[in-house]
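In this note's numbering, the protein residues as written are 544 to 856.
Beta carbons are placed, not taken as given, at the ideal position from N, Cα and C, and that holds for glycine.
Read through the structure below, which is laid out as structure tokens, and then see the notes.
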Amino acid sequence: MPAFTAVLNLLKKVVGVDPTTDTFNIQTMLNDNWDKIDAAMALQAVDGDVRVATTANITLSGLQTVDGVVLAAGDRVLVKNQTTGSQNGIYVAASGAWARAADADTTAKVAAGISVFVRDGAAGGGKTFVMSNTTSVTLGTTAITFADIASGTFAGTVTASRFVSNVPPGTAPLVIASPTLVENLNAKMVGGFTADNFIQTIGTKAGKLTSVTEIPISSSTGMTIASASVSLGNYQILIYMRVTAVTNINVTVQYTDATGAQTLVVAAPQGAAVQSYTLLPVFIAAAPNSTILVNASSSVANAVKISASIVGV
544 MPAFTAVLNL LKKVVGVDPT TDTFNIQTML NDNWDKIDAA MALQAVDGDV RVATTANITL
604 SGLQTVDGVV LAAGDRVLVK NQTTGSQNGI YVAASGAWAR AADADTTAKV AAGISVFVRD
664 GAAGGGKTFV MSNTTSVTLG TTAITFADIA SGTFAGTVTA SRFVSNVPPG TAPLVIASPT
724 LVENLNAKMV GGFTADNFIQ TIGTKAGKLT SVTEIPISSS TGMTIASASV SLGNYQILIY
784 MRVTAVTNIN VTVQYTDATG AQTLVVAAPQ GAAVQSYTLL PVFIAAAPNS TILVNASSSV
844 ANAVKISASI VGV
């Protein structure tokens with residue numbers, strides 16, 4: 544039997560059980576049964592509209608504030624967070640004690656389930672909640688539970704042709720707890736790594752992107768643009784320069800490889816014209832527990848904007 548099937552209690556004569564001397568008014572018996580059948584056929588989900596839904600256990604009385612909404616007498620309220628779960632359901636707010644809504648005040652009336660749209664409220668406004676009990680309930684005895692059907696929480700496998708996020712910009716549209724590779728996923732996690740494995744500001748974490756923010760070269764004698772303490776391995780260094788005034792530029796990369804300390808001249812001292820844009824890729828093999836430094840100088844202070852990244856490859 545379905546979880547929310549109503550119990551009709553139809554009248555009938557049981558042969559061999561009811562006394563043979565019992566008499567029945569056939570018309571009354573049929574009419575009474577038809578009334579019950581009509582009522583059952585008319586059963587449907589409770590009126591799908593409430594003004595507000597609770598967010599915590601409340602006292603079921605008085606014109607209080609629920610989810611930021613000051614209630615008025617007659618407001619329908621979805622009560623779903625009571626400590627005593629059997630108190631949950633739809634109520635009508637009043638200055639005194641609240642009563643269950645007329646369309647949801649008996650077991651038979653909630654037999655078809657409860658599905659309601661919440662019109663107002665800071666947390667619940669605009670959401671739809673459904674009764675999530677998986678077995679039949681007895682109103683006032685069974686703890687009634689509700690679930691937000693748009694919450695995105697599922698216990699099984701979700702199959703869809705595409706995924707569309709409606710969260711505001713700057714909010715993660717998808718959070719994955721597992722580090723397992725997710726094929727073709729354009730998200731923070733790619734290939735089992737998160738963006739934190741690759742990107743950082745100027746720092747010392749090995750094998751990660753460093754100093755991606757464009758900064759001016761303020762020294763004519765040299766300054767460190769990017770640095771990273773690295774482990775043994777191959778690294779790619781990308782250096783980007785944007786010239787805003789005529790100047791002479793010098794860029795070097797200092798590191799240690801298997802043969803010792805090295806200085807690689809990326810841009811020998813030379814003149815650079817205004818509006819020059821240069822992207823310099825450099826590949827090196829670093830020794831274990833060494834430091835990579837990207838140094839630069841400009842004969843005219845602040846005439847060159849530069850950024851550098853150091854990435855393990």
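In angstroms with no decimal places, state the Cα-to-Cα distance between F689 and R594. 16 Å
From A640 to Q625, what distance separates their C-alpha atoms? 16 Å
Secondary structure of P545, DSSP reduced to three states: Here P545 scores only 44 on pLDDT, less than 50, and its place in the model is too uncertain to base an answer on.
Along the beta strand (DSSP E) that carries P812, what are the first and last residues, could you check? 803 to 815
Looking only at its own chain, which residues have a Cβ that is under 7 Å from the Cβ of Y634, when we skip the five neighbours before and after it? Closer than 7 Å at Cβ, skipping near neighbours: L603, V620, V622, W641, A642, R643, A644.
So what's S770 in DSSP terms, helix, strand or just coil? strand
From Y798 to A804, what does the alpha carbon distance come to, in whole angstroms? 6 Å
Measure the alpha-carbon distance for T681 versus P711 and round it to whole angstroms. Cα to Cα, the separation comes out at about 41 Å.
Anyone know if the C-beta pair for L606 and A616 falls short of 8 Å? yes
So what does DSSP say about Q797, is it helix, strand or coil? strand
Buried/exposed call for S852, threshold 16 Cβ in 10 Å: buried
Alpha carbon of I871 to alpha carbon of A816, nearest angstrom: In this structure the chain extends from 544 to 856, so residue 871 is not present and cannot be described.
Nearest-angstrom Cα distance between T608 and I657? 23 Å
Let me check one thing: in DSSP terms, what residues is I758 bridge-paired to? I849
Go ahead and label I760 buried or exposed: buried means 16 or more other beta carbons lie within 10 angstroms of its beta carbon, across all protein chains shown. buried
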